[in-house]
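Position 196 (the sequence shown) corresponds to 196 in the working numbering; numbering is contiguous.
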Amino acid sequence: MTTVTTTPQKPVFKAKDYKTDLKPVWCPGCGDFGVLNALHRALAELQIEPWNTVVLSGIGCSSRLPGYVATYGFNSVHGRALPIATGVKVARPDLTVVATGGDGDGVAIGGNHFIHACRRNIDITYILMDNEIYGLTKGQVAPTTPTGDKTKSTFWGNPEPSVDPCELAISTGASWVGRGFSGDMKGLVKLVVDALNHHGFSFLNIMSPCVTFRGDDQFALLKEKLQHVPEDHDRTSRRAALLYTRETDVLTTGVLYEVEKPSLLDQLEDVRQRSMVDSHVPTTQDLLKDFYPSF
Ligand SMILES: Cc1ncc(C[n+]2csc(CCOP(=O)(O)OP(=O)(O)O)c2C)c(N)n1
Ligand code: SF4
Ligand SMILES: [Mg+2]
């Protein structure tokens, strides 16, 4: 008698497999639909196992996104997506960790965490849905709102200079920085795939119009300004990358900056290895002696 052995087939994930049963509650035409779509497609392109993935966020319209992705997820506290994502990744380095959220969440209340995630080069992907406004709380000015723009809280025009999140990420240590537009699905999927593939902190700023509080012409206005980073752009040069930040008349999309350097987990592993070789762990007595030699 011959025995037939069959090798179990690996499941093949399609974009729809990463969708949940929840229907997004975003306004019709909101840019965040495009970002969600691109993430579903990118996860499928990379065949990332849903049970080995965590998508988390802070609070905001955009921060509802984890509820619409069929992986593990967490809609956390305003501005705190990155410290929580950092904790998850340090505890479970084997997981794919994606932090998401809005410009208010990431650059205003969470701005401090943003700087430190970049500096640490923690091996996660951060997708920022930049609509240049606080959408959920009904249209107040954000750090990314262009100077002069009228919002609910700046009736006579925004008097403050604005922040370009890509400039901030490049200058504070992120090792992969890209910019996308939620109206450019093909380009966006490519960027999300690239960001997920990167080793280290990958930051993707996606211009994602709020049609309700920034005006329903936002897609058309951004599309007009759209240009792709030139083929010969040296993405390993911080100086060259910074040329594509703080733009007003054009919107350059693509990978602006990409370098290889040790991630936070690499550094932690190095410390762990060294601590195992040097087994002398100071006792309380040793520490007291340091302070009080006569002890
Ligand atoms: C500690 C705290 N402060 C303020 C708020 C109110 N709040 C909720 S969402 C939000 C801003 C959301 O803007 P953004 O992150 O840009 O997301 P969007 O809604 O535009 O996608 C604010 C101020 C809060 N929930 N918690
Ligand atoms: S208020 Fe703006 S950001 Fe929020 S769901 Fe509506 S269009 Fe999107
Ligand atoms: Mg916003």
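C-beta atoms are modelled at their ideal positions from N, C-alpha and C, and glycine is treated no differently. The structure presented is a predicted model; accordingly, all values stated were derived computationally and were not measured.
(request) Kindly provide the chain-ordered list of residues whose Cβ lies closer than 5 Å to any non-hydrogen atom of ligand 2. (result) Trp26, Cys27, Cys30, Cys61, Gly135, Cys210, Val211, Thr212
(request) Quick one: grab the DSSP three-state call for Ala99. (result) strand
(request) Examine the Cβ distances between the stretch 174-189 and the stretch 33-43 and report whether three or more of them are shorter than 8 Å. (result) yes
(request) Express the C-alpha separation of Thr284 and Leu22 in angstroms, rounding to a whole number. (result) 54 Å
(request) For Cys210, I'd like the list of residues in its chain whose CB is within less than 6 Å of its CB, leaving aside the five on either flank, ordered along the chain. (result) Asn131, Ile133, Gly135
(request) Hey, could you find the ends of the beta strand (DSSP E) Gln227 is sitting in? (result) 226-228
(request) Report the option in Thr236, Asp216, Arg246, Asp286 whose CA atom is closest to the CA atom of Cys27. (result) Asp216
(message) Taking the beta carbon of Tyr126 as the centre, do at least 16 other beta carbons fall within 10 Å, making it buried, or is it exposed?
(response) buried
(message) Buried or exposed, going by whether 16 or more other CB atoms sit within 10 Å of the CB of Val97?
(response) buried
(request) Along the alpha helix (DSSP H) that carries Val54, what are the first and last residues, could you check? (result) Looking at the DSSP string, Val54 is not in any alpha helix (DSSP H); the run it does join, the beta strand (DSSP E), is 53-57.
(message) Cutting at 7 Å between CB atoms, please list the residues of its own chain near Lys10, excluding the five before and the five after it.
(response) none
(request) Give the DSSP-derived three-state secondary structure of Arg64 in the structure shown. (result) helix
(message) Between which two residues does the beta strand (DSSP E) holding Ile206 run?
(response) 202-207
(message) For Leu242 and Glu167, which I take to be in contact (beta-carbon distance under 8 Å), what is that distance rounded to the nearest angstrom?
(response) 6 Å
(request) Please confirm if the stretch 195-208 is in contact with the stretch 273-282, defined as three or more CB-CB distances below 8 Å between the two stretches. (result) no
(message) Let me confirm a value: Gly78 is counted as buried when at least 16 other C-beta atoms fall within 10 Å, else exposed. Which label applies?
(response) Sequence inspection shows His at residue 78; the Gly mentioned does not correspond to that position. Its Cβ being crowded by 16 or more others within 10 Å, His78 is buried.
(message) Helix, strand or coil for Glu258? Go by DSSP, reduced to three states.
(response) strand
(message) Using CA atoms only, rank isn't needed, just tell me which of Pro159, Glu224, Ser275, Lys261 is closest to Thr248.
(response) Glu224
(message) Under DSSP, the beta strand (DSSP E) around Ile127 begins and ends at which residues?
(response) 125-130
(message) Closer than 8 Å is the cut-off here; do at least three beta carbon pairs connect the stretch 55-64 with the stretch 95-109?
(response) yes
(request) Consult DSSP for Phe296 and reduce its assignment to one of helix, strand or coil. (result) Since the displayed the chain opens at 1 and closes at 295, residue 296 lies outside it and no answer follows.
(message) Is the beta carbon of Val163 closer than 7 Å to that of Thr147?
(response) no
(request) Compute the beta-carbon to beta-carbon distance between Arg68 and Lys19, rounded to the nearest angstrom, for a pair I have assumed lies under 8 Å. (result) One point to set straight first is that residue 68 is Tyr, not Arg, in the sequence displayed. Contact flag correct, Cβ pair sits at about 7 Å.
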